[in-house]
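Scroll down for the structure; my scribbles are underneath it.
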Amino acid sequence: MQIKNIILYKNAEQVRVLPFELGKVNIITGESKSGKQH
26 MQIKNIILYK
36 NAEQVRVLPF
46 ELGKVNIITG
56 ESKSGKQH
């Protein structure tokens, strides 16, 4: 089983889709305190 993408919802108007590359290690990066931990 592999994850194809992650969908982040801040509110009804702000939706972000993070696509992953199948068969590879995918690393999520971003600014400090931008919600990567939760």
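Using this note's numbering, the first residue of the sequence shown is number 26, and each one after it goes up by one. Even for Gly, the Cβ is constructed at its ideal location relative to N, Cα and C. None of these values were measured; they are calculated from a predicted model.
Quick check: what's the CA-CA separation for residue i versus residue j?
i     : j     : result
Tyr34 : Met26 : 23 Å
Leu47 : Lys29 : 7 Å
Val50 : Leu43 : 14 Å
Phe45 : Ile53 : 10 Å
Kindly give me the distance between the Cβ atoms of residue i and residue j, rounded to whole angstroms, as I take these residues to be in contact under 8 Å.
i     : j     : result
Ile31 : Val40 : With 8 Å as the limit, Ile31 and Val40 do not qualify as a contact, their Cβ atoms being about 11 Å apart.
Cutting at 7 Å between CB atoms, please list the residues of its own chain near residue i, excluding the five before and the five after it.
i     : result
Glu38 : none
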